[in-house]
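J.: Before I ask anything, let me first share the structure, which is written out below as structure tokens.
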Amino acid sequence: MAHLDPALTRLIHFTHKAQTDDADPAQTQFSGGSASMKILVFSSLAYSLVNFRGALLCRMKDAGHDVVAVAPDDDPAVSAWLRERNIEFRIISMNRTGMKPLEDIRTLLGYVMLILKERPGLILAYTQKPIIYGGIAARLTGNIPFYALMSGLGYLFSPDGSKPGIKRSIFLRLYREGVRRAIKIFVFNRDDHEDMVSAGIVDRSQTVIQVPGSGVDTQYFVQQPLPAGAPHFLMVGRLMRDKGVYEFLEAARAVKAEYPDARFSILGRAEVFNPTGISKDDIPRLQSEYPVTFLEETTDVRPYLAQSSVFVLPSYYREGLPRTILEALATGRAVITTDMPGCRDPIEAGVNGLIVPPQNAEALVAAMRSFLDHPEQAQEMGEKSRAIAEAVYDVGRVNDILTGHMGLQHMAGSAPTNATLTQERQVAPQI
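Using full-length UniProt numbering, read the sequence shown as starting at 1 and increasing by one per residue.
Right, here's the structure in full:
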């Protein structure tokens, strides 16, 4: 694959010298300027359009805009959900992981062709590749007003991926090209902003807005009473080493030896293509070696959260602000997480949870032991968690910030955004 790297280098050089580079986005022929416009939303996974951005898409639609959601995969459930809300859905192929120049160029060309066809007044992109190639495509097609929503820095800023190398250097250069003409860049935590400046992705002159994550629907995720019986520690997240899966497993084994009644579960999707991913084939072995139940992926995490006592996310991945933590807060659960950007932001140590060093199973054991020795902590901290979710992280508040900064104000009298998202979902079995 190394012989393809010059193709990426030429692509970077070409976009850097694009004739439209110095144009004012506010003057572009695409930007319209009317109260109503067409908006393209670029994503890297169809499911995320509903699960993470559904309320925002509905907010845009309710404000009278034509919304076109874009993803690389055809998900029938997502397509139906969007169609019911009169939101258009387009598929542009993308290799979500790794650097494959020819496939990435196809993605860029797909974005360019879509923009030329749809003629949007505004583009919003989130996650790395949509931001990179969406930003470049916006410049190549007339400097359409472009906004980047950085929901986390990901693998290349995690310990396993942050080592210097050719791929990392190319990726950082592409990222810089993608956001260079962004009108505003949204980040989920202050550390991401500082690290992007240090890495040369953004500079101090660019407008960077910190928002409280993706938000959580506090009407859909309601406070639940703690379950009776033995304490139950639940981890929810993709099955990746960087998410702290092995630290959770080791801590569970140590705690179980001291507290035989304690229970431990992991709920998440197996990751085959991620460099630190854990495959489905690994699960039977891990389940036999550790006192942990691996739960199948579900469309509705609420029953699992309701049956947990304490939520755990021992991640050392470069999270933006984990949605799983916000859902746990809204459910009224105390949280154990790591002293990592994004993870620590919604937690006030000793108030609504405990913060431990990353990659430290012994510290995780001590935190779990604290809840087992003082079971009243789970109730007290859980109450605080719910209050924080309502006051800071409600999805309506988050979308007020985003739409306000993009000039996409919500029309008075339209249906509440949270209600728009209410839908029937699969109910998970008891655990």
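Every residue, glycine too, gets a C-beta built ideally from N, C-alpha and C. Being a predicted model, the structure only gives us computed values, none of them experimental.
#1: Just the C-alpha distance for alanine 366 and lysine 280, rounded to the nearest angstrom, thanks.
#2: Determine, using beta-carbon pairs with one atom in the stretch 68 to 76 and one in the stretch 38 to 49, whether at least three such pairs fall under 8 Å.
#3: Who are the Cβ neighbours of arginine 90 in its own chain at under 7 Å, not counting the five residues just before and after it?
#4: Taking the DSSP output, what are the residues bridged to histidine 232?
#5: Can you check which of these residues, Asp300, Ile87, Val179, is closest to residue 446 by C-alpha distance?
#6: Which residue wins for smallest C-alpha separation from glutamate 88, given the options Gly54, Gly98, Val208, Thr97?
#7: Helix or strand or just coil, what does DSSP make of glutamine 359?
#8: Please classify methionine 99: does DSSP put it in a helix, a strand, or coil?
#9: Can you give me the start and stop residues for the beta strand (DSSP E) that lysine 184 sits inside?
#10: Quick check on valine 236: buried or exposed, where buried means 16 or more other Cβ atoms within 10 Å of its Cβ?
#11: Looking only at its own chain, which residues have a Cβ that is under 7 Å from the Cβ of alanine 137, when we skip the five neighbours before and after it?
#12: Tell me the DSSP bridge mates of phenylalanine 294?
#13: Would you mind stating whether tyrosine 316 and proline 346 have Cβ atoms separated by less than 8 Å?
#14: Do you know whose CA, among Pro314, Gly213, Arg253, lies nearest aspartate 242's CA?
#15: Determine the direct distance from the alpha carbon of proline 291 to that of arginine 253, and round the result to whole angstroms.
#16: Run the CB neighbour count on histidine 374, radius 10 Å, all protein chains shown included, and call it buried at 16 or more, exposed below.
#17: Valine 392 and proline 225 - do their beta-carbons sit closer together than 8 Å?
#18: Which two residues bound the contiguous alpha helix (DSSP H) that contains phenylalanine 170?
#19: Around the C-beta of aspartate 217, are 16 or more other C-beta atoms found within 10 angstroms, so that it is buried, or is it exposed?
#20: For cysteine 343 and proline 322, I'd like the C-alpha separation in whole angstroms.
#21: Along the chain, which unbroken stretches of the alpha helix (DSSP H) at least 4 residues long are found entirely within the stretch 365 to 420?
#22: Between the Cα of proline 303 and those of Val272, Phe171, Asn274, Phe221, spot the shortest distance and give me the residue it belongs to.
#23: Tell me the DSSP secondary structure of tyrosine 317 in three-state form.
#24: Classify isoleucine 144 as helix, strand or coil using the three-state DSSP reduction.
#25: Please state the DSSP three-state secondary structure of alanine 334.
#26: Hey, could you find the ends of the alpha helix (DSSP H) valine 197 is sitting in?
#27: If you reduce the DSSP assignment to three classes, tell me which class tyrosine 220 lands in.
#28: Report yes if the CB atom of arginine 333 is closer than 8 Å to the CB atom of glycine 382, and no otherwise.
#29: Could you name the residues of the same chain whose beta carbon sits closer than 7 Å to that of leucine 408, not counting the 5 residues immediately before and after it, in chain order?
#30: For a quick check, are the C-beta atoms of cysteine 58 and arginine 83 less than 8 Å apart?
#31: Helix, strand or coil for arginine 90, going by three-state DSSP, please let me know.
#32: For glutamate 327, which residues in the same chain have their Cβ closer than 6 Å to its Cβ, ignoring the five residues on either side in sequence?
#33: Let me know the secondary structure DSSP gives alanine 328 once reduced to three states.
#34: Are the CB atoms of glutamine 219 and histidine 193 within a distance shorter than 8 Å?
#35: Taking Cβ positions, are alanine 262 and proline 227 nearer each other than 8 Å?
#36: Threonine 331: buried (16+ other C-beta within 10 angstroms of its C-beta) or exposed?
T.: The short version:
#1: 30 Å
#2: yes
#3: Val68, Val70, Leu114
#4: Arg263
#5: A query on residue 446 cannot be resolved here, the shown segment of the chain reaching from 1 to 431 and no further.
#6: Gly54
#7: coil
#8: coil
#9: 184 to 187
#10: buried
#11: Leu108, Tyr111, Val112, Ile115
#12: Ile266
#13: no
#14: Pro314
#15: 6 Å
#16: exposed
#17: no
#18: Correcting the residue identity first, residue 170 is isoleucine in this sequence and not phenylalanine. Run containing isoleucine 170: 166 to 179, per the alpha helix (DSSP H) assignment.
#19: buried
#20: 6 Å
#21: 376 to 392, 395 to 406
#22: Phe221
#23: coil
#24: coil
#25: strand
#26: 190 to 198
#27: coil
#28: yes
#29: Met60, Ala63, His65
#30: no
#31: strand
#32: Val216, Phe221
#33: helix
#34: no
#35: no
#36: buried
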